[in-house]
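Data block below; observations after.
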Amino acid sequence: MQKGSTAQTEKSIRFGNGPGRMSGPIVKPKDRIGTIKRIWQYMKKQKAAMILAIMMVLISTVLGLLGPLLIGFIIDQYIIPKDISGTIRMAGLLAVVYLAASLFTWLQTYIMVNVSLKTIQMLRQDLFNHFQALSLKFFDKRTYGELMSRVTNDIENLNSALSQSVIQIFSSVLTVAGVMIAMLTLNWMLALVTLLVIPLMFFATNKIITYSSSNFIKRQRDLGDMNGTVEESISGIEVITLFGKEKEVYNKFSDANERLRNSAMMADISSGFLGPVNNFINNLGLGIVIAAGALMAISGMTTIGILASFVTYSRQFYRPINQMSNLINTFQSAIAGAERVFEIMDEIPDLKDSEQTIEVSSFKGDVSFAGVSFGYGGQKSILKNISLEVKAGQTVALVGPTGSGKTTIINLLSRFYDVESGEIRIDGRNIKDYKIQSLRSKIGIVLQDTYLFSGTIMENIRYGRLEAVDEEVIHAAKLASAHGFIKHLPARYETKIESGGTNLSQGQKQLIAITRAILADSDILILDEATSSIDTRTEIEIQKGISTLTKGKTSFIIAHRLKTIENADMILVIRDGEIVEKGNHEELLDLYGFYYDMYKLQFEN
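My numbering numbers the first residue of the sequence shown as 945 and each following residue consecutively.
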């Protein structure tokens, strides 16, 4: 049984911009600092690992700073005096220093990868949990592919940035500070020369990052759009093929793919300027240092060894700044993705429990609607002032033209949406007084469009009551007349269901859904065209199972085959969102009204 789900509305295959399409002018990140702070809230939960990584950074940075000092010392004290043995000995020490620096650098990377993956795991879990708390109103406005893009692509971009960037930024800051101190200690004049190109570097970096930032946001949006197009095309492949719309779908995907290519190209090209520009500035700075150092060495203001140390330090000084520029560039994509993730997490569920809501162990089954009106997404009202009283154990049938509001009544009873006016009561209490999960767990729903999960038939049936043993599952299948076809399958109840249940007929899938509802044994039952895809012979067989299922339970049955609801205790005729007729089968026929015309039309046909 599918608890907490609603009738699956047929998704149309859209060939223009539809709900969920994120279009419009491209803007800069709304709150870059705020987003970074929220990411940090996840990372700081791993303080021990972060402290250990920082220790590794400190050690590797100190060792990295020690190298150039040793190089200058070796040149001045051993190479220029031509001390071969001393040079070999010190060269060995230098090799050990650099080897140890590499080892600690690897360790810090290893630790940060684990920190990053744990952070992403928690963030992804929170996002997924938040999806479960959001109402159907939220999903009505967005394509599934676009939402999946946030769970996968956007979070993965953040993962790449965290694992590569966070500790490197800290390492770069320490390296720049350490190198500056070392250079000032060795020769303050050369140190000032080294700083000459820094303003130019920061100016170029700021300009490039400002330009590329909006392109990264647009790339993420276009990626979400393309994923939405792919999801629609795959889920609607039968409709596309049936109406011969392959060319239109191809063109739509081609347009989305082209937009993504263009935005990705702009993002990569604009950000790609950063490396070459900074490399040029680095080499310019190095050239200035060498020229100034050479003149100072010739004039006796410094030594060849110190100049060699400065050349190495200059590279160490510019490289972290260059790295930070590139890391900030990488963060543009990560922050753009993180903002899209937090945008979803900031969605406030419009359906939520209050502090006064109560758990319910079971329902007697009295249901009442009092002056209920409702419209989807602020549109015109679908239901208009609906009022009805249903006694516990009664079977109520809802009939009427397509779009009259039958399924909407069911959606409101299950509290997939809240009423705009009026109230719905179960056992004399407003349904808002019950915890949402508790309420839905006592309502069993069999939909017209059955959804089956990947797994075996046994697992799909047991979804109705997870603690049920195999014998209970089989017994429920026999009541629903599903056992007959299941026992002839290759692996019987252990038969694997392919994606979407494509290896089963629509009728077989509905039989499994009915079996699931029987196994759940809910207090209130909803059948939304539950037998619409079942042949007449099978329908006669499962009516017995449904009769057993509905016995003593309050049941709501949406049906177009009026023959199947002749024995209902009450039949509600819904037209244009209003109850136009009410009574049992015989009473409604005697009215010679809308129900009579529907019934007569079906049997004449």
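We put the beta carbon where it would ideally sit given N, CA and C, even for glycine.
For residue i, I'd like the list of residues in its chain whose CB is within less than 6 angstroms of its CB, leaving aside the five on either flank, ordered along the chain.
{"i": "SER949", "result": "At SER949 the pLDDT is 37, less than 50, meaning the model places this residue with poor confidence; the figure from the coordinates comes in the next sentence. Cβ within range, chain order: n/a, list empty."}
{"i": "LYS1386", "result": "PHE1307, SER1466 and ASP1467"}
{"i": "THR953", "result": "Residue placement at THR953 is flagged as unreliable, the pLDDT there being 34, under the threshold of 50; the coordinate-derived value follows with that caveat. So no residue of the chain qualifies."}
{"i": "ALA1148", "result": "VAL1221"}
{"i": "GLY1388", "result": "MET945, ALA1461, ALA1464, SER1466 and LEU1469"}
{"i": "PHE1048", "result": "MET1000, ILE1003 and SER1004"}
{"i": "LEU1433", "result": "THR1439"}
Could you give the distance in angstroms between the alpha-carbon of residue i and the alpha-carbon of residue j?
{"i": "SER1306", "j": "ILE1405", "result": "22 angstroms"}
{"i": "TYR1054", "j": "SER1115", "result": "15 angstroms"}
{"i": "ILE1018", "j": "ARG1094", "result": "54 angstroms"}
{"i": "GLY1030", "j": "PHE1254", "result": "22 angstroms"}
{"i": "LYS991", "j": "GLN985", "result": "11 angstroms"}
{"i": "GLN1300", "j": "TYR1361", "result": "19 angstroms"}
{"i": "LEU1128", "j": "GLN1076", "result": "58 angstroms"}
{"i": "THR1138", "j": "ILE1234", "result": "10 angstroms"}
{"i": "LEU1532", "j": "GLY1344", "result": "13 angstroms"}
{"i": "LEU1038", "j": "ILE1023", "result": "14 angstroms"}
{"i": "GLN1065", "j": "ARG976", "result": "22 angstroms"}
{"i": "GLU1473", "j": "GLU1202", "result": "42 angstroms"}
{"i": "ASP1290", "j": "ILE1178", "result": "30 angstroms"}
{"i": "ALA1236", "j": "LEU1228", "result": "12 angstroms"}
{"i": "GLY1309", "j": "ALA1280", "result": "49 angstroms"}
{"i": "LYS988", "j": "ASN1374", "result": "43 angstroms"}
{"i": "GLU1190", "j": "VAL1183", "result": "10 angstroms"}
{"i": "SER1298", "j": "ILE1380", "result": "10 angstroms"}
{"i": "LEU1545", "j": "ILE1099", "result": "56 angstroms"}
{"i": "ARG965", "j": "GLU1192", "result": "Bear in mind that the predicted position of ARG965 carries a pLDDT of just 35, short of 50, making it unreliable; the figure below should be weighed with that in mind. If you take the alpha carbons of ARG965 and GLU1192, they lie about 18 angstroms apart."}
{"i": "GLY1349", "j": "ARG1519", "result": "8 angstroms"}
{"i": "ALA929", "j": "MET1268", "result": "Residue 929 cannot be examined here, being either before or after the span of the chain that is shown, 945 to 1549."}
{"i": "ILE1232", "j": "ILE1242", "result": "15 angstroms"}
Would you kindly check if the distance between the Cβ of residue j and the Cβ of residue i is under 9 angstroms?
{"i": "ILE1302", "j": "SER1382", "result": "yes"}
{"i": "ILE1111", "j": "GLN1052", "result": "yes"}
{"i": "ALA1238", "j": "LEU1251", "result": "yes"}
{"i": "LEU1342", "j": "ILE1354", "result": "yes"}
{"i": "VAL1059", "j": "LEU1102", "result": "no"}
{"i": "LEU996", "j": "ILE1113", "result": "no"}
{"i": "ASN1226", "j": "TYR1262", "result": "yes"}
{"i": "ALA1420", "j": "LEU1463", "result": "yes"}
{"i": "MET1514", "j": "THR1339", "result": "yes"}
{"i": "GLN1260", "j": "LEU1080", "result": "no"}
{"i": "GLY1337", "j": "LYS1497", "result": "yes"}
{"i": "MET1245", "j": "MET1145", "result": "no"}
{"i": "ALA1045", "j": "GLY1011", "result": "yes"}
{"i": "ASP1294", "j": "PHE1082", "result": "yes"}
{"i": "LEU1130", "j": "TYR1257", "result": "yes"}
{"i": "ARG1409", "j": "GLU1415", "result": "no"}
Spatial neighbours of residue i within its chain, please: CB distance less than 8 angstroms, with the 5 preceding and 5 following residues excluded, ordered by chain position.
{"i": "LEU1002", "result": "LEU1118"}
{"i": "GLY1399", "result": "LYS1440 and ILE1441"}
{"i": "LEU1204", "result": "ARG1163, ASP1166, LEU1167, ASP1169 and MET1170"}
{"i": "ILE1418", "result": "HIS1427 and TYR1437"}
{"i": "ILE1523", "result": "ILE1330, SER1331, LEU1332, LEU1516 and VAL1517"}
Out of the options, which one is the CA nearest neighbour of residue i?
{"i": "LEU1013", "options": "LYS1062, VAL1123, ALA1105 and ALA1077", "result": "VAL1123"}
{"i": "ILE1458", "options": "GLU1291, LEU1396, THR1446 and ILE1028", "result": "LEU1396"}
{"i": "LEU1391", "options": "ALA1044, ILE1470, TYR1536 and THR1446", "result": "ILE1470"}
{"i": "GLY1527", "options": "GLU1510, GLY1521 and ASP1541", "result": "GLU1510"}
{"i": "LYS1566", "options": "ASN1223, LYS989 and ARG1460", "result": "Outside the displayed range of the chain (945 to 1549) lies residue 1566, so it cannot be described from this structure."}
{"i": "VAL1363", "options": "LYS1376, GLY1372 and ILE1370", "result": "LYS1376"}
{"i": "GLN1450", "options": "ILE1028, THR1394 and SER1258", "result": "THR1394"}
{"i": "ARG1505", "options": "ASP1414, THR1494 and MET1542", "result": "MET1542"}
{"i": "GLY1219", "options": "PRO1264, LYS981 and THR1256", "result": "PRO1264"}
{"i": "MET1092", "options": "ILE1523, ILE1288 and ASP1371", "result": "ILE1288"}
Please return the same chain residues whose Cβ sits closer than 7 angstroms to the Cβ of residue i, not counting the five positions on each side in sequence.
{"i": "GLY1315", "result": "ASN1329, SER1331, SER1365 and GLY1366"}
{"i": "ILE1401", "result": "ILE1430, TYR1437, THR1439, ILE1441 and ILE1456"}
{"i": "TYR1378", "result": "THR1301, ILE1302 and VAL1304"}
{"i": "GLU1525", "result": "VAL1517, LEU1532, LEU1535, GLY1537, PHE1538 and TYR1539"}
{"i": "GLU1333", "result": "SER1312"}
{"i": "ALA1211", "result": "SER1156, ASN1159, PHE1160 and ARG1163"}
{"i": "LYS1062", "result": "GLN990"}
{"i": "MET1056", "result": "ALA997, SER1107, VAL1110 and ILE1111"}
{"i": "LEU1078", "result": "GLU1291 and PRO1293"}
Are any of the Cβ atoms in chain E nearer than 9 angstroms to that of residue i?
{"i": "VAL1255", "result": "Judged by its chain identifiers, the structure shown contains no chain E, having just a single protein chain."}
Should residue i be counted as a contact of the ligand ZN given a C-beta to heavy atom distance under 8 angstroms?
{"i": "HIS1074", "result": "Because no ligand of any kind appears in the structure shown, any question about the ligand ZN cannot be addressed here."}
Three or more C-beta pairs below 8 angstroms linking the region 1148 to 1165 and the region 1278 to 1286: The count of Cβ pairs closer than 8 angstroms, one atom from the region 1148 to 1165 and one from the region 1278 to 1286, reaches three, so the stretches are in contact.
Given 8 angstroms as the limit, is there contact between the region 1142 to 1156 and the region 1054 to 1074, that is, 3 or more CB pairs closer than that? Segments in contact, no.
Between the region 1416 to 1434 and the region 1446 to 1455, are three or more C-beta pairs nearer than 8 angstroms? Because the criterion of three Cβ pairs below 8 angstroms is met, the region 1416 to 1434 and the region 1446 to 1455 touch.
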